[in-house]
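Enquirer:
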Amino acid sequence: MIRGLTNTIMESLTLKPPSFHHHFNSSLQMRSCKYSFFAPSHSSSSCFSTSASTSSILTDNGSVSLGHLTRPDFPILHQEVNGHKLVYLDNGATSQKPSAVLEALNNYYEAYNANVHRGIHFLSAKATDEYELARRKIATFINAKESGEIVFTRNATEAINLVANSWGLTNLQAGDEIILTVAEHHSAIVPWQLVAQKTGAQLKFVSLTKDEVPDTGALLDMLSRKTKMVVVHHVSNVLACTLPIHDIVHSAHAVGAKVLVDACQSVPHMIVDVQGLGTDFLVASSHKMCGPTGVGFLYGKEEILSTMPPFLGGGEMISDVYLDHSTYANPPSRFEAGTPAIGEAIGLGAAIDYLSGVGMQKIHDYEAELADYLYERLSSVSKVRIYGPVPSQNVGRAPLCSFNVENIHPTDIATFLDQQHGVAIRSGHHCAQPLHRLLGINASARASLYFYNTKEDVDHFIQALDDTISFFTSFM
42 MIRGLTNTIM
52 ESLTLKPPSF
62 HHHFNSSLQM
72 RSCKYSFFAP
82 SHSSSSCFST
92 SASTSSILTD
102 NGSVSLGHLT
112 RPDFPILHQE
122 VNGHKLVYLD
132 NGATSQKPSA
142 VLEALNNYYE
152 AYNANVHRGI
162 HFLSAKATDE
172 YELARRKIAT
182 FINAKESGEI
192 VFTRNATEAI
202 NLVANSWGLT
212 NLQAGDEIIL
222 TVAEHHSAIV
232 PWQLVAQKTG
242 AQLKFVSLTK
252 DEVPDTGALL
262 DMLSRKTKMV
272 VVHHVSNVLA
282 CTLPIHDIVH
292 SAHAVGAKVL
302 VDACQSVPHM
312 IVDVQGLGTD
322 FLVASSHKMC
332 GPTGVGFLYG
342 KEEILSTMPP
352 FLGGGEMISD
362 VYLDHSTYAN
372 PPSRFEAGTP
382 AIGEAIGLGA
392 AIDYLSGVGM
402 QKIHDYEAEL
412 ADYLYERLSS
422 VSKVRIYGPV
432 PSQNVGRAPL
442 CSFNVENIHP
452 TDIATFLDQQ
462 HGVAIRSGHH
472 CAQPLHRLLG
482 INASARASLY
492 FYNTKEDVDH
502 FIQALDDTIS
512 FFTSFM
């Protein structure tokens, strides 16, 4: 990738400043008909009756695709950016929010804004009920045994830091081993590096197979009685592969090790059953699953959480405070010091209601179709290199593709797509620098889809990418 040449080219363009003028798609009349996934009494036919062709919105069996069905619930998608219809393909970084979530947030601040667990007045009681209801919704969503196994955190990063600093500093010592893969997110690597430096434990990393998938066989061979923790992603945010968590957990438990699963890219896209997986810890972020930013959660087995010391000190996490010592509340309160992100947690509960209403199996099946379509279309583009496994009958990919184009820097690709076509993708190392180094690259571009995306979005992206490549290669 020759960044110097492409920088010069980009500087020669007259790049337009971002325009956030809302332009609601008249061809589908999405906002005017106010069709909602949860309002079947509103006829969907009026939403899709104008210039959108029947073939563009119907699936092979003649039904309306899930993407077209749910798009009206996401106001942000119906606007123009830089003079073009927005095509949002950066869902691996954050998802958009349906109206139901926005309304839940607004309702909290307008109708019952108060602190939780601390007041007996009506507003506080209402806020507490809704906050704890959101916890129960998460527990049900991932099939935890009880809501007390769900700890609210600021995000998945804080959840991993909580486990590393509470469980890790208590249980690890010199000579112990923590096993990870080279494809982990920085948030899953750095906290354990810090803990290893303090305890003398050693981090061991599993590399990739020739198919560019973390080598599960090597991971299982690496397990020993020295292994105390295994930290793995469920779905890679770069390689789009899914790891066999149940098998990893079973083998790790056989040597007495605990397992922490980074499920940020799986919980929003598929059914995740923590009891079925058997994992000891699991983390996820609200903002990747149609919920607000600023809140995430940690799942931990109750018998493990109850043995862990507090991560942060202050209000809410205490039982009694004396001048010379304190006693602590039971989990999950023990790990939720201070006023939490109340409105955001309630918004996450609304997001779970929405996702459950759509149906997680339906989302997964639709996205599997989109994932194949994205890979097929992108792999047909000249000079494109896609990272991760090739899809097959036995190998499925998540709905994302990290890729590079020969001699064009991914940031230049992302900039041109945004400025000249209104297509939003990601560029950079995606918080996975060790993986990129192993692949022999500094950065990659990434298009990532969610259930409100459509095949038309993919087509628009491919056409825009073709134009982008043609533009840059014309200067070479």
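Residue 42 is where the sequence shown starts when you use my numbering, and the numbers rise one by one after that.
Using N, Cα and C, we set each Cβ at its ideal position, and we do this for glycine too.
No experiment lies behind these values; they were computed from the predicted model shown.
Take L318 as the anchor and find which of V279, S326 and Y340 has the nearest alpha-carbon.
Expert: Translated into positions along the sequence shown, residue 318 becomes position 277. It is Y340 whose Cα lies nearest to the Cα of L318.
Enquirer: Kindly indicate which residue of K424, C442, Y395 and D453 has the alpha-carbon position closest to the one of A24.
Expert: The displayed coordinates of the chain run from 42 to 517. Any statement about residue 24 would go beyond what the structure contains.
Enquirer: Looking at the strands, I want to know which residues DSSP matches up with A488.
Expert: Here residue 488 refers to the residue found at position 447 when the sequence shown is read from its first residue. Its beta-bridge partners are C442.
Enquirer: With distances taken between CB atoms, is the gap from V279 to A229 smaller than 8 angstroms?
Expert: On the sequence shown, residue 279 is found 238 positions in, with the first residue counted as 1. On the sequence shown, residue 229 is found 188 positions in, with the first residue counted as 1. No, these two residues do not count as a Cβ contact at 8 angstroms.
Enquirer: Going by DSSP in three states, A283 sits in which element: helix, strand or coil?
Expert: By 1-based counting over the sequence shown, the position of residue 283 is 242. The sequence as given places Thr at residue 283; Ala does not occur at that position. Strand.
Enquirer: So, helix, strand or coil for T194, using DSSP?
Expert: Walking along the sequence shown from the start, residue 194 turns up at place 153. It is a strand residue.
Enquirer: Exposed or buried, which one is H328 when buried takes at least 16 other CB atoms within 10 Å?
Expert: As a working note, residue 328 is residue 287 in the sequence shown. Counting Cβ neighbours within 10 Å, H328 comes out buried, since at least 16 surround it.
Enquirer: What's the C-alpha gap between V272 and V300?
Expert: Translated into positions along the sequence shown, residue 272 becomes position 231. Translated into positions along the sequence shown, residue 300 becomes position 259. Each residue's Cα considered, the two are about 6 angstroms apart.
Enquirer: Short of 7 angstroms in beta carbon distance, which residues of its chain neighbour P350, apart from the five on each side in sequence? Order them along the chain.
Expert: As a working note, residue 350 is residue 309 in the sequence shown. Closer than 7 angstroms at the Cβ level, and outside the excluded window around P350, lie S207 and T211.
Enquirer: Compute the Euclidean distance between the alpha carbons of F516 and D131, then round it to the nearest angstrom.
Expert: Your numbering for residue 516 matches position 475 in the sequence shown. Your numbering for residue 131 matches position 90 in the sequence shown. Rounded to whole angstroms, F516 to D131 spans 28 angstroms at the Cα level.
Enquirer: Output the distance between the C-alpha atoms of N147 and D256, rounded to the nearest integer angstrom.
Expert: If you number the sequence shown from 1, residue 147 lands on position 106. If you number the sequence shown from 1, residue 256 lands on position 215. Going by the C-alpha atoms only, they are around 46 angstroms apart.
Enquirer: Could you have a look at S87 and say whether DSSP puts it in helix, strand or coil?
Expert: Looking up residue 87 in the sequence shown gives position 46. Model confidence at S87 stands at a pLDDT of 29, short of 50, so the residue's coordinates are unreliable and nothing is read from them.
Enquirer: Can you list, in chain order, the residues of its chain with a C-beta nearer than 6 angstroms to that of R418? Leave out the 5 residues immediately preceding and following it.
Expert: Numbered from 1 along the sequence shown, position 377 holds the residue referred to as residue 418. Excluding sequence neighbours, R418 sits near V499 and I503.
Enquirer: When burial is assigned at 16 or more other CB atoms within 10 Å of the CB, is Q306 buried or exposed?
Expert: Here the question's residue 306 lines up with position 265 in the sequence shown. When all chains shown are included, Q306 counts as buried.
Enquirer: Are the region 178-197 and the region 236-245 in contact at 8 angstroms, needing three or more beta carbon pairs?
Expert: The region 178-197 is not in contact with the region 236-245.
Enquirer: Start and end of the beta strand (DSSP E) containing M270?
Expert: By one-based count along the sequence shown, residue 270 stands at place 229. Here the beta strand (DSSP E) through M270 covers T268 to H274.
Enquirer: Return helix, strand or coil for P255, following the three-state DSSP convention.
Expert: Here residue 255 is taken as the residue at index 214 of the sequence shown, counted from 1. Strand at P255.
Enquirer: In the DSSP assignment, what are the bridge partners of I449?
Expert: Here residue 449 refers to the residue found at position 408 when the sequence shown is read from its first residue. Its beta-bridge partners are V446.
Enquirer: How about L118: is its Cβ closer than 7 angstroms to a heavy atom in the ligand NAP?
Expert: Among the components modelled here there is no ligand, and therefore nothing to report on the ligand NAP.
Enquirer: Considering only DSSP beta bridges, list what E121 is partnered with.
Expert: Indexing the sequence shown from 1 puts residue 121 at position 80. E121 is bridged to K126.
Enquirer: Quick one: grab the DSSP three-state call for D508.
Expert: Sequence index remark: in the sequence shown, residue 508 carries index 467 (1-based). Note: D508 maps to helix in three-state DSSP.
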